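Right, one structure below, let's go through it.
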């Protein structure tokens, strides 16, 4: 039995894993075509024929909407901006409650806070870590204005029960699809299941434009409001004179022509890139599917996963080794990935995020100013609980979940064989790890 690298042995692999780089000659030509025009952005922050941006932005929006079967697509400079615009368009106001899962990037929750809304955290499905419909429904009160669902890691949320209640009660549903391009639920693409879907084009997503995002909706009023908020709403309203001024406070969330051109080039390639991720997951799961106490996160039968990351559960009770020590042992066996050297090791880690309600903003209920707004004040009708224990599934997942990104396109079967070999080597040395754990 070979000694673990963590304990002084020779690692499984030292050669860096190949990069995940979606930018190629097509994208370079698209960028240079824009550069040759000299028009890098064409927005005007007032009611004008160029209020909606330049030709690349408008074409990208049309093509994105067509790809996902959405009537309207609004390009923005980040998915965070898109979430902010979506929440504003939903009419979230001071005192309104917004239901949010605690396992997500922080912007999923702060999008409510930006408009004076108060996040209420629902628990997650213990199998796939997405919002648990039963918990979402239990969190609804007369103050609930919106529900933010997050298709975490690319697994679709069980949307039907959530949408049924939301429609009955007039609650807006926003889908955070930052990690879930081309994921499907009951044969429909995520992002088109609720009222607004928000996608990410950040540099480490499935496809990227450096930074960027796209909001989609089939509601013309919501689309128009997001367009206002994206581009200096208060100034635009002076010329357009909309009948509803709620949340027409604008930002500069505009995407430039270069980013849009890159997005247009990559969009037709996106389905094949996700297909490669799924195939790599199938291959890797066949190699490590017999490891006791390390089951894969399950994909529901009516869902198609897009695998931003691949998740596993680490059940210490079945093999005696805690998740964090197992991650250290695995990372010691594997190298960094080219273009992601800043990660300082293999793209494999413990969990995803700490439950968001444990962040200082929620624990201290301090956001804007020092008086507790929006968590306290005349608009608030009840105290929201952010104490430990409110979402037991999420807290358990944050302690036992293991994720990796090594199923990305560019990884060959030989590369995945090395990943599998690292898992098997660690499991061959569980006794030594368990002993080191008890000594520590």
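Numbering (our numbering), first residue to last: 111 to 550.
Ideal Cβ placement from N, Cα and C applies to all residues, glycine included.
Predicted model only: the values in this text are computed from it and were never measured.
- For residue 464, the three-state secondary structure derived from DSSP is coil.
- Under the criterion of beta carbons closer than 8 Å, residue 526 and residue 394 qualify as touching, at roughly 5 Å.
- Rounded to the nearest angstrom, the Cβ distance from residue 293 to residue 256 is 21 Å, too far for a contact under 8 Å.
- Across the set 523, 536, 456, 543, the C-alpha of 456 shows the shortest separation from the C-alpha of residue 126.
- Uninterrupted beta strand (DSSP E) stretches at least 3 residues long and entirely within the stretch 449 to 528 occur at 458 to 460, 511 to 514, given in chain order.
- Counting only runs of 4+ residues, the alpha helix (DSSP H) found wholly inside the stretch 191 to 225 occupies 217 to 223, in chain order.
- For residue 183, the pairing in a beta bridge is given by DSSP as 326.
- Residue 316 is a Cβ neighbour of residue 383, given a cutoff of 7 Å.
- Residue nearest to residue 186 within the set 176, 162, 356 is 162 (criterion: CA-CA distance).
- The secondary-structure analysis by DSSP pairs residue 258 across a beta bridge with 284.
- Residue pairing for residue 447: DSSP places it in a beta bridge opposite 127.
- Under the DSSP assignment, residue 188 falls outside any alpha helix (DSSP H); it carries neither an H nor an E label.
- Non-local beta-carbon contacts of residue 375 in its own chain, meaning distances under 7 Å to residues more than five positions away in sequence, involve 136, 137, 140 in chain order.
- About 6 Å separates the Cβ atoms of residue 463 and residue 213, confirming a contact at the 8 Å cut-off.
- DSSP lists 210 as the beta-bridge partner residues of residue 231.
- Short of 6 Å from the beta carbon of residue 272, and not among the five residues preceding or following it, lie these beta carbons of its own chain, in chain order: 243, 246.
- Inclusion of residue 189 and residue 115 in the CB contact set at 7 Å is not warranted, their separation being larger than that value.
- Between the stretch 350 to 368 and the stretch 481 to 497, the count of Cβ pairs shorter than 8 Å is below three; the stretches do not touch.
- If the five residues before and after residue 509 are omitted, its C-beta is found closer than 8 Å to the C-beta atoms of 433, 461, all from its own chain and listed in chain order.
- When the alpha-carbon of residue 121 is set against those of 543, 535, 544, the nearest one is in 535.
- Going by DSSP, residue 310 is part of the beta strand (DSSP E) stretching over 306 to 310.
- Here residue 249 is not bridged, per DSSP, to any residue.
- The continuous stretches of beta strand (DSSP E) do not include residue 429, which lies in the alpha helix (DSSP H) extending over residues 426 to 429.
- Taking the C-beta atoms as reference points, residue 415 is found nearer than 7 Å to residue 264.
- Burial check for residue 196: the Cβ neighbour count within 10 Å reaches 16 or more, so the residue is buried.
- Under the three-state reduction of DSSP output, residue 393 falls in the helix class.
- Inclusion of residue 359 and residue 192 in the CB contact set at 7 Å is not warranted, their separation being larger than that value.
- Here the stretch 207 to 221 lies against the stretch 462 to 477, with 3 or more beta-carbon pairs under 8 Å apart.
- Of the residues assessed, residue 112 falls on the exposed side of the cut-off, its CB having fewer than 16 other CB atoms within 10 angstroms.
- One Cα belongs to residue 302, the other to residue 268, and the distance between them is close to 13 Å.
- Runs of the alpha helix (DSSP H) lying entirely within the stretch 343 to 402, each at least 4 residues long, are 343 to 350, 367 to 376, 380 to 398 in chain order.
- Residue 336 and residue 391 have their C-alpha atoms spaced approximately 36 Å apart.
- Boundaries of the beta strand (DSSP E) around residue 421: 420 to 423.
- Along the length of the stretch 133 to 164, whole alpha helix (DSSP H) runs at least 4 residues long occupy 135 to 147, reported in chain order.
- In this structure, the CA atom of residue 158 is about 14 Å from the CA atom of residue 334.
- Each residue's CA atom was taken as its position, placing residue 277 and residue 407 some 30 Å apart.
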